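Taken in order, these protein sequences are the chains called D and B. For the first sequence, counting from 1, position 86 maps to 86 in my numbering; every step adds exactly one. With the second sequence counted from 1, adding 335 to any position gets you my numbering. Glycine included, each C-beta is placed from N, C-alpha and C at the ideal position. It should be emphasised that the depicted structure is a prediction, and the values quoted were computed from it without experimental measurement. Notes follow once the structure below has been shown.
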Amino acid sequence: MSIRLGTGDLARYPFLNEAGEYLRQSGFGWEELDRPDMADIIQRAAERIEAGVSGKVYEKLDRYETEILTFLVTLIMVKSIGMEPVLKKYALAEARRAEKFLTEDLRRQNDAQRQALLSKIFGDLFGLAIDTTEDGRLFKVKVTDYLARSSHFHEQEWKMINRLVSNGNVYLGPDETVRLVRNELAVMINGRVHAMSLPALPKAIKERSDTLRAELAPRYEYRAHSVTEYPPCVKHAIEVMNRGENLPHSARLMLATYMLAIDKPVDEIVEMFKNAPDFNERITRYQVEHLAGSKGSRTKYSVPSCDKLRTENLCFATKDCDSIINPIQFGRRRK
Amino acid sequence: MIKSEAVKAAFREYYFKQKLVEAPDNMDQREFGYSLFGIPGMVRHLSFKNPGELTAALVREVPSDVYCSNALYRFPTLPMQEKQWQGADLIFDIDGKDLHLPCVPSHSYPVCSNCGQASPPVEKEYACPACGNKKAEYVSIPCGKCIDGSKKEAARLVEFLTGDLGIAKENIHVFFSGNNGFHFHISDGSYRPLDSQARSDLVGYLAGVGLIAESIGVRRSPGSDLAFVKFPKSGLDYGWRKRIAEELDISASSTIRLTNIVKEKGGYSAFKAELDRITRQLGVRIDPQVTTDVHRVFRMPGTLNSKSGLAKFRCSLDRLDSFDPFVDACVLGSTKVQVRMKTHAKVKLKGQTFSISKEEAELPAFAAVYFICKGLAEAA
Ligand code: SF4
Ligand SMILES: [Zn+2]
Ligand SMILES: [Zn+2]
């Protein structure tokens with residue numbers, strides 16, 4: 001079935017590629033955001049970000065086109081604010097907003113058009129094929145798709161033995177189906193922002209982003225400060241890496257775990273390795289995610305201790321390393 | 336660890352003519368490993384580019400046991416942290432000794448842990464006939480009942496895999512383990528990416544561990560051990576819910592019978608305990624470690640098992656019933672081998688019964704090797 005997405009759909013699911021396509025076709029240009037009548041959109045975008053950062057969900061859905069545009073503007077603003085914790089919280093809030101709409105839509109069992117839209121969303125965004133039962137009350141997902149996600153939930157009811165399972169499918173209610181992908185939604189929005197390259201910003205957006213950054217920065221001061229100066233061992237590893245020289249496995253491990261520990265996003269960590277002679281983006285990403293505890297292993301790896309690094313000849317201590325036992329403490333003591 | 340030229344010679348002859356060894360798919364991405372006669376431990380992190388290379392190695396080295404990873408790696412020969420795991424086939428291990436069948440003592444040969452003296456199975460308390468020591472290792476020569484027990488588990492596993500999990504029969508490969516059980520290799524690619532956590536959940540499903548009473552509609556009344564029944568919206572028609580419904584003879588059309596059962600059992604907790612017992616009984620006894628470890632090496636199909644000299648042998652799913660490991664998987668030659676028995680022992684191989692009470696005997700290689708591998712004889 002071909003799917004026609006209305007503006008209402010795009011306003012609820014503005015992260016679909018069709019939303020950007022829609023704006024392009026309507027002949028919209030970024031410079032229009034400097035027009036006085038666009039102030040409303042920028043205002044909404046700022047609200048949407050602030051709501052997200054305070055752990056709330058932005059509820060507005062009164063004017064479809066406005067909200068499509070608002071979403072795209074928030075992405076640009078969050079990118080331009082450039083603070084990882086802001087992005088994280090914002091992405092989570094967008095995920096929760098979408099979760100609400102998805103659940104509502106899944107509950108509308110008898111609307112074929114709706115069902116087609118949802119299959120598309122689940123398929124396009126999460127690579128998850130969902131199907132409905134004949135009576136339309138339940139959703140079917142493949143056992144392997146289910147296990148890959150549910151096994152990271154802790155509640156007993158998510159153990160597969162407590163599900164209706166038949167012929168390779170697990171049967172779920174609407175809320176459960178959405179719950180299965182909720183985390184991926186936030187990850188996807190996060191990735192979207194990271195992958196984005198900023199256009200030359202209209203003045204109105206730039207100003208608003210700057211104000212927001214100034215407002216939000218104090219909340220994250222400590223973090224922002226603590227990552228400006230890397231410990232000597234880490235600095236050294238980065239230098240070797242940037243020269244395109246081969247870095248031993250143990251040094252890569254240190255670099256990646258350190259960067260994860262200071263909450264550097266996976267994408268940026270992967271970036272750091274791109275000068276390595278044997279760089280392969282997919283594999284590096286897999287490994288970093290593994291260390292972060294999101295792929296393959298459940299344990300999050302910690303940064304090796306200074307003692308360990310010393311025995312591996314990776315320590316390049318300076319007097320600032322005074323009395324620390326793990327690189328992660330560097331620059332966080334006293335002062 | 337076996338150290339015997341006679342056994343090695345029989346293995347060599349087998350690998351020289353080998354027709355059963357099955358090289359895995361994606362061979363260049365697998366890690367291989369083997370043990371050698373007389374040398375403890377295992378050589379791991381090996382790689383073979385094609386079946387020819389593997390054959391050559393088997394004939395050259397004549398390993399006592401041959402293993403291959405179910406995982407695929409980008410660099411199979413590097414140390415584990417650097418291999419770059421790309422996925423792993425789903426595997427299962429059913430081991431007869433985990434079934435704890437009542438027949439086992441009648442065919443377990445005690446080997447004294449003090450002096451190494453072997454003796455025939457004893458029904459009563461054991462004491463070494465040579466030194467009087469009361470501790471022993473037991474060597475089991477599985478009987479027909481043991482094999483039938485494993486077959487039953489295997490058949491049940493097949494039922495779970497094809498029914499609940501919808502895995503196509505042609506993707507389920509069943510092998511006799513070469514000693515006392517069955518190995519399953521699943522070639523359905525959609526299982527390959529699953530991590531060990533996901534596999535562990537799957538094992539729970541198959542083994543019948545973790546079913547909560549709420550799944551079949553038994554809920555605890557707040558603040559007490561009383562229960563009430565409210566069936567789940569999704570019904571009781573499939574999978575575990577169906578198994579339990581059949582076992583308890585209940586249906587989703589009426590809550591009365593289930594309510595009574597819970598009452599009879601004595602409340603929510605007592606019912607929960609009963610449910611646990613039922614699910615474990617209806618589940619399949621598989622070794623959870625084997626399935627959840629995604630970095631292991633697993634005995635290779637068609638190779639010999641040095642615990643018995645039998646082969647890890649492919650069984651047809653439809654004819655599992657008539658499969659006889661002591662005939663079908665007994666693949667060594669019949670060259671005569673002189674052995675010295677450590678005790679009176681008995682086994683039936685290729686339809687012939689070997690019940691050896693003499694100290695020395697001349698046996699066909701397949702029988703001699705079996706007793707030597709079991710540790711009940713040595714080459715004379
Ligand atoms: S003392 Fe610790 S932090 Fe400083 S360089 Fe050595 S390993 Fe790094
Ligand atoms: Zn003894
Ligand atoms: Zn037995």
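- Listed by position along chain D, the residues whose Cβ is nearer than 8 Å to that of TYR540(B) are LYS159, MET160, ILE161 and VAL165.
- Contact annotation: in the stretch 494 to 510 of chain B, residues whose CB is within less than 8 Å of a CB in chain D are GLY498, ASP499, LEU500, GLY501 and ILE502.
- It is roughly 50 Å from the alpha-carbon of LEU529(B) to the alpha-carbon of GLN673(B).
- Each residue's CA atom was taken as its position, placing PHE279(D) and PHE273(D) some 7 Å apart.
- According to DSSP, residue pairing for ARG675(B) in a beta bridge involves GLU695(B) and GLU713(B).
- Under the Cβ distance rule, LEU201(D) does not count among the residues neighbouring chain B, no pair being separated by less than 9 Å.
- DSSP places CYS478(B) in no alpha helix (DSSP H); its state is neither H nor E.
- Just measuring C-alpha positions, the residue of GLY484(B), ILE551(B), LYS459(B) and ALA465(B) sitting nearest GLU157(D) is ILE551(B).
- Across the structure, ALA605(B) and VAL597(B) are spaced so that their CA atoms are roughly 8 Å apart.
- For GLY552(B), no Cβ of chain D is located within less than 9 Å of the residue's own Cβ.
- The Cβ of ASN169(D) sits closer than 9 Å to at least one Cβ of chain B.
- With respect to GLY168(D), SER569(B) sits apart: the two C-beta atoms are not nearer than 9 Å.
- For PHE15(D), DSSP records no beta bridge to any residue.
- In the structure shown, ARG576(B) falls within a helical segment according to DSSP collapsed to helix, strand and coil.
- Between ligand 2 and GLY710(B), a heavy atom-to-CB distance of less than 8 Å is absent.
- For HIS152(D), the three-state secondary structure derived from DSSP is coil.
- Looking from the CA of ALA98(D), the closest CA among ALA214(D), ALA217(D), PRO14(D) and PHE330(D) belongs to PRO14(D).
- The beta carbons of PHE383(B) and PHE367(B) sit closer together than 9 Å.
- Annotation for SER404(B): the continuous beta strand (DSSP E) segment containing it runs 400 to 404.
- Closest option to PRO464(B), judged by alpha-carbon separation, among PRO477(B), TYR444(B) and TYR408(B): TYR444(B).
- Unbroken beta strand (DSSP E) runs of no fewer than 3 residues, entirely contained in the stretch 388 to 437 of chain B, are found at 400 to 404, 406 to 408, 420 to 423 and 425 to 430, following chain order.
- Nearest C-alpha to VAL234(D) among GLU65(D), ASN313(D) and VAL181(D): ASN313(D).
- One residue list follows from the rule of a beta carbon closer than 6 Å to any heavy atom of ligand 3, given in chain order as LEU436(B), CYS438(B), VAL439(B), HIS442(B), PRO477(B), CYS478(B), LYS480(B) and CYS481(B).
- Interface with chain B (9 Å Cβ-Cβ cutoff): GLY29(D) is excluded.
- Listed along the chain, the chain B residues whose CB falls inside 9 Å of the CB of ILE283(D) are ARG409 and GLN419.
- For PRO398(B), the closest C-alpha among the options THR638(B), THR670(B), PRO660(B) and ASP656(B) is that of THR638(B).
- GLN452(B) has its CB nearer than 8 Å to a heavy atom of ligand 2.
- Contact between GLN416(B) and TYR408(B) is ruled out by a C-beta separation of about 11 Å, above the 8 Å threshold.
- Think of a sphere of 9 Å around the beta carbon of ALA129(D): no beta carbon from chain B falls inside it, the nearest being about 11 Å out.
- Under DSSP, the beta-bridge partners assigned to THR688(B) are LYS683(B).
- The beta carbon of ARG12(D) sits closer than 6 Å to those of PHE101, all from its chain and outside the five residues before and after it, given in chain order.
- Taking the C-beta atoms as reference points, LEU698(B) is found no nearer than 9 Å to VAL662(B).
- Each of ASP135(D), GLU215(D) and VAL288(D) was checked against the Cα of MET259(D), and the nearest Cα belongs to VAL288(D).
- At a beta-carbon threshold of 7 Å, the residues of chain B lying near THR144(D) are SER525, TYR526 and LEU529, ordered along the chain.
- Residues of chain B with a Cβ closer than 9 Å to the Cβ of ALA148(D) are, in chain order, PRO528, LEU529, ASP530 and ALA533.
- Nearest neighbour of MET254(D) by Cα position, chosen from ILE269(D), GLY244(D) and ARG213(D), turns out to be ILE269(D).
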